[in-house]
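Read left to right, the sequence shown gives residues 596 to 778 (my numbering).
Don't be surprised by glycine CBs; every beta carbon is placed ideally from N, CA and C.
Being a predicted model, the structure only gives us computed values, none of them experimental.
I have placed the structure first, in the form of structure tokens, so that the comments after it can refer back to it.
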Amino acid sequence: MSSSEIAGRDAGPTRRSLALVAALGLAALAGGCFRPLYAESTASTVGGSVRTALRSIEFPEIKGLMGHYLRNELVFEFDGGNEPDAPKTLKFDASIAESVEVITVDYANGRADSAILVATATWKVTRNGTGEIVSSGTNSVREPYERSSQRFATVRAARDAQIRAAKNLASLIRGQIAADLTS
596 MSSSEIAGRD AGPTRRSLAL VAALGLAALA GGCFRPLYAE STASTVGGSV
646 RTALRSIEFP EIKGLMGHYL RNELVFEFDG GNEPDAPKTL KFDASIAESV
696 EVITVDYANG RADSAILVAT ATWKVTRNGT GEIVSSGTNS VREPYERSSQ
746 RFATVRAARD AQIRAAKNLA SLIRGQIAAD LTS
């Protein structure tokens, strides 16, 4: 073995270890840029922390059955019902549109075998008193369900799709509001 082969062998692990150290150093530097969204130390644009700002949102009734499910999920997502007497400085307002898309049809009897519930929520969060819009958006979800020749089974499957859609919409809305409230 010549001396150049030995030098080439030693350079490989050294280069890899230097690359590893550089990557870890870069990750450590970039890691300092991130902070938890729901931490008490994360400031919000409306004052206080994002967590307390989320708890200060009032959720009035929303029209329709989907609106009822969405409101219940939002109340649970934002404060879990733990602080019903907390001061409400923000107000949530929403409207929901639903539609059903038929996916497959049994051509023997002309009945739909499956469908997709499309739920779209258009919402905004305003300050009480001033009416200033703090956050707004439109979110849409699609929830599939099976249809049956049994009428009540189809009704229950559609209701379950509405409940799933409300849960998914509430999660999307919570994330978007939290992101908008971060200063």
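CA-to-CA distance, residue j to residue i, given in whole angstroms
| i | j | result |
| --- | --- | --- |
| N704 | D755 | 25 angstroms |
| E668 | T715 | 15 angstroms |
| V697 | A710 | 4 angstroms |
| Q757 | E738 | 8 angstroms |
| L665 | L712 | 15 angstroms |
| E656 | T777 | 26 angstroms |
Burial state of residue i (16 or more Cβ within 10 Å)
| i | result |
| --- | --- |
| A702 | It should be pointed out that residue 702 corresponds to Tyr in this sequence rather than to Ala. Label assigned to Y702: exposed. |
| F687 | buried |
| F747 | exposed |
| R742 | buried |
Test item: CB-CB of residue i and residue j under 8 angstroms
| i | j | result |
| --- | --- | --- |
| V729 | T721 | yes |
| A614 | E672 | no |
Option nearest residue i by Cα separation, candidates the options
| i | options | result |
| --- | --- | --- |
| I691 | A707, G732, T699 and L685 | G732 |
| D775 | R742, A648 and K658 | A648 |
| S744 | A707, E668, K683 and P682 | A707 |
| G726 | S735, R769, Y664 and T684 | T684 |
| S735 | A753, E741, R759 and N723 | R759 |
| S651 | D674, N763 and T609 | D674 |
| R769 | F654, S612 and R611 | F654 |
| A681 | G662, R646, M661 and V695 | R646 |
| T749 | R611, L621, L619 and V695 | V695 |
| M661 | Q771, T609, A761 and A617 | A761 |
Cβ shell of residue i (< 8 angstroms), same chain only, five flanking positions each side left out
| i | result |
| --- | --- |
| K658 | S690 and I691 |
Same chain, Cβ closer than 6 angstroms to residue i, five either side skipped, listed in chain order
| i | result |
| --- | --- |
| V700 | A707 |
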